[in-house]
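2 protein chains.
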Amino acid sequence: MNANDTNTFGADARLIALDWGTSSLRAWLLGGGGAVLDTCAAPLGVQQVPEGDFAGVYARLTAAWRTAAPGLPALAAGMIGSAQGWREAPYQVCPADAGALGTGLIEVDTGCGGRLHIVPGLRVEAALPDVMRGEETQILGALAVEPALAANARLVLPGTHSKWVTVRDGRIERFATYMTGELFAVLRAHSILGRPAREAGATGDAAAFARGVATVRDAADGLFPLLFSARTLVLRGALDAAHSLDYLSGLLIGEELRCALAGAATPAPVLIGDPALCERYLRALALFGVTDARSLDNTAPAGLWRIAVAAGLVTDTPAAEPAQC
Amino acid sequence: MNANDTNTFGADARLIALDWGTSSLRAWLLGGGGAVLDTCAAPLGVQQVPEGDFAGVYARLTAAWRTAAPGLPALAAGMIGSAQGWREAPYQVCPADAGALGTGLIEVDTGCGGRLHIVPGLRVEAALPDVMRGEETQILGALAVEPALAANARLVLPGTHSKWVTVRDGRIERFATYMTGELFAVLRAHSILGRPAREAGATGDAAAFARGVATVRDAADGLFPLLFSARTLVLRGALDAAHSLDYLSGLLIGEELRCALAGAATPAPVLIGDPALCERYLRALALFGVTDARSLDNTAPAGLWRIAVAAGLVTDTPAAEPAQC
Chain A
4 MNANDTNTFG
14 ADARLIALDW
24 GTSSLRAWLL
34 GGGGAVLDTC
44 AAPLGVQQVP
54 EGDFAGVYAR
64 LTAAWRTAAP
74 GLPALAAGMI
84 GSAQGWREAP
94 YQVCPADAGA
104 LGTGLIEVDT
114 GCGGRLHIVP
124 GLRVEAALPD
134 VMRGEETQIL
144 GALAVEPALA
154 ANARLVLPGT
164 HSKWVTVRDG
174 RIERFATYMT
184 GELFAVLRAH
194 SILGRPAREA
204 GATGDAAAFA
214 RGVATVRDAA
224 DGLFPLLFSA
234 RTLVLRGALD
244 AAHSLDYLSG
254 LLIGEELRCA
264 LAGAATPAPV
274 LIGDPALCER
284 YLRALALFGV
294 TDARSLDNTA
304 PAGLWRIAVA
314 AGLVTDTPAA
324 EPAQC
Chain B
4 MNANDTNTFG
14 ADARLIALDW
24 GTSSLRAWLL
34 GGGGAVLDTC
44 AAPLGVQQVP
54 EGDFAGVYAR
64 LTAAWRTAAP
74 GLPALAAGMI
84 GSAQGWREAP
94 YQVCPADAGA
104 LGTGLIEVDT
114 GCGGRLHIVP
124 GLRVEAALPD
134 VMRGEETQIL
144 GALAVEPALA
154 ANARLVLPGT
164 HSKWVTVRDG
174 RIERFATYMT
184 GELFAVLRAH
194 SILGRPAREA
204 GATGDAAAFA
214 RGVATVRDAA
224 DGLFPLLFSA
234 RTLVLRGALD
244 AAHSLDYLSG
254 LLIGEELRCA
264 LAGAATPAPV
274 LIGDPALCER
284 YLRALALFGV
294 TDARSLDNTA
304 PAGLWRIAVA
314 AGLVTDTPAA
324 EPAQC
């Protein structure tokens, strides 16, 4: 965005929408019907904001939008609503729809005019509870983008903490978390399994990834007895050190699929998230015989719009028409 | 040891024996029949030796013994024989007994008079190979201490890389590695699962450990879908943050047992290693209904003696008797 743009979207602007996660912050200026008028991003996730100055980050990032269109409502989802964020938004309990999330919004004074509403995360109540913050908004966005998913869908959000989500009758019914991405990151950086690739210089290798997926798919007891093979295969000269991280990634994603697919053949998974990561999951799913999965790109702005409508922060009318007298 | 002791064991001394692992070094002066005459230890594992000066460490640690009993043979097992150690001792292939290990010894010039022999590790040849270095010596020590184990035993060496070992007809037939200890260490230090205990200050709690073991024991798909519960139970107030590491430890050790015990009811496991860690495994085994397991303390010196005998470095006679004319 530059200064010249401000007048082009000022009249249509309806909502400042933020996906404020652990490691990154993305923001959109949304117009009528949730149309994206402008966007910006910064590596200023909750963990990266110096001294917790969330108000300062918010003020700088949204300054031009607020100048062009004063008084806009603002809505944020993600870890900004956690205990480590700006202010904690208590979890809503599953099953939940947009309305339930809308009634759970909390507010903070931005310090630069107006208030920021924050979407609560979701909790599964069970002997082993589960939680999400931010993904609930992407899920509602997916249902807004593809209304046919609302009746019965299995949504998958791969990532640091992958989520497998069951949607039924328009509600997020339940979900399960797999720490696949975080496990890969800590093993790569801090374990003996990451060392060969750290020393050799890792290069991507689709065959090594597929080998890891197939190995865990065919194992009686899953990942745990196989983990050390990411080292012994390299020692034995049977796996290139530079490809060993892709083999490890295959083991971990394969284990996620082995567990998540157990006993649940339908409906076909719909993936939401980073296109490169979704493509990796699609390759792994194909090795499990799941060939009808597909992926959606970022659905967070659509979800923020939907929740803002449900909460009455905006009305879901199209862009303003010239006034009729 | 102090200077006054040197003359008390000089005449009986037969072997300088070392267990030189990744993080620690233990050494024994062994007499006739493998009797321990003296012992010392230092936090100078292969990764802790400055600039790879293994010769300097060896010279300092054994100086008094070599002075008191010049010309003793010396034998070391463990990671000192790896590519990161003093000199690499190529793996012997399973099945293997003390004789096979004895023929695979390599030698280094100690630089302080005499040579140090190094025990090779063991390798399982399979599509997914496996390796050990140091444990093979403890296993042979267990068979020396309890000869009845040689016919048919299941030995378990808990640790950073736990080993489950099948012994049959006096030979180490095969084994499998579980990265339980390393996984716990990296998750504790570097993942979101370690954070609550890092902030609250971890305290041991046997009930939390048992809860983790039982949770994974009763789970259809094992550990992977449960890992995040070490966080969500704390968030929910259903697990004390200070006890969350013991719960995580229970999940990990429980997963090791779930996999290793699958389809193998006999013989009863015999554990070898650190007594506190073995006791933890015994508690976990009992939760899996395995109540006839037991543990042995450090069997490394007995194993080093046995390999030295097999290699002809020493003769297996009792302590020297007064000379007969």
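For the protein sequence lines, the chains are A and B, in the order given.
So for the first sequence, our numbering puts the first residue at 4; every next one is plus one.
So for the second sequence, our numbering puts the first residue at 4; every next one is plus one.
Built from N, CA and C at the ideal position, the CB exists for glycine as well.
The Cβ of B/Ala265 sits closer than 8 Å to at least one Cβ of chain A.
The region 239-309 of chain B is shown to contain whole beta strand (DSSP E) runs of 3 or more residues at 272-275, 297-299, in chain order.
Leaving aside the five residues that flank B/Ala245 on each side, the residues in its chain whose CB is nearer than 7 Å to its CB run, in chain order, Ala200, Ala203, Gly204, Ala205, Thr206. Taking the CA atoms as reference points, A/Asp56 sits about 15 Å from A/Ser27. The region 101-116 of chain A makes contact with the region 300-317 of chain A, as at least three CB pairs between them are under 8 Å. Counted as a single uninterrupted DSSP element, the alpha helix (DSSP H) harbouring A/Glu138 occupies residues 138-148. Using beta-carbon distances, A/Cys97 does not count as an interface residue toward chain B, since no partner is under 8 Å. At least one beta carbon of chain B lies nearer than 8 Å to the beta carbon of A/Asp224.
Restricting attention to B/Leu196, B/Arg177, B/Leu230, the CA atom closest to the CA of A/Tyr181 is found in B/Leu230.
Excluding its 5 nearest sequence neighbours in each direction, B/Pro278 has C-beta neighbours in its own chain below 8 Å: Ser298, Asp300, listed in chain order.
Under the Cβ criterion of 8 Å, A/Leu119 is not counted among the residues facing chain B.
Exclusion of the five residues before and after B/Leu146 leaves Leu152, Ala153 as the residues of its chain whose Cβ lies within less than 6 Å of its Cβ. Across the region 227-251 of chain B, CB contacts with chain A closer than 9 Å involve Phe227, Pro228, Leu229, Leu230, Phe231, Ser232, Arg234, Thr235, Leu236, Leu238, Arg239, Ala241, in sequence order along the chain. With respect to A/Ala92, A/Ile121 sits close: the two C-beta atoms are nearer than 8 Å.
If you ignore the 5 residues before and after A/Ala72, its C-beta comes within less than 7 Å of the C-beta of Gly13, Ala16, all in its own chain and listed in chain order.
Going by DSSP, A/Trp68 is part of no beta strand (DSSP E) but of the alpha helix (DSSP H) stretching over 57-71. Around the beta carbon of A/Gly266, fewer than 16 other beta carbons lie within 10 angstroms, which makes this residue exposed. About 11 Å separates the CB atoms of B/Leu226 and B/Val216; that is not less than 8 Å, and the two are not in contact.
Counting of Cβ neighbours within 10 angstroms places B/Glu282 among the exposed residues, the total staying below 16. Against B/Asp133, the close residues of chain A are Phe231, Ser232, Thr235, in the order they occur along the chain (beta-carbon pairs closer than 9 Å). For the region 305-319 of chain A, there are no residues whose beta carbon sits under 7 Å from a beta carbon of chain B. For B/Phe178 and A/Leu143, the gap between their C-alpha atoms comes out near 49 Å. Under the Cβ distance rule, B/Ala179 counts among the residues neighbouring chain A, one pair being separated by less than 8 Å.
DSSP places A/Arg17 in the coil class of the three-state scheme, outside both helix and strand. In this structure, the CA atom of B/Ala156 is about 27 Å from the CA atom of B/Thr318. Among the residues of chain A, none has a CB under 9 Å from the CB of B/Val170; the nearest is roughly 19 Å distant. Straight through space, the alpha carbons of A/Val39 and B/Thr163 are spaced by roughly 51 Å. Beta-bridge pairing by DSSP links B/Glu110 to B/His120. Where B/Arg90 is concerned, there is no enclosing alpha helix (DSSP H), because DSSP gives it neither an H nor an E. Residues of chain B whose Cβ lies closer than 7 Å to the Cβ of A/Glu185 are, in chain order, Ser194, Ile195.
Going by C-alpha positions, A/Leu290 is about 11 Å away from A/Asp221.
Neighbourhood of A/Val189 in chain B, by CB distance below 8 Å: Val189, Leu190, His193, Ser194, in chain order.
Spanning the alpha carbons of B/Leu288 and B/Val273 requires a straight line of approximately 11 Å.
Under the three-state reduction of DSSP, A/Phe231 is assigned to coil, being neither helix nor strand. With contacts defined as CB atoms closer than 8 Å, B/Leu316 and B/Leu251 fail to qualify as a contacting pair. In the DSSP annotation of this structure, the continuous segment of the alpha helix (DSSP H) that includes A/Ala188 starts and ends at 183-193.
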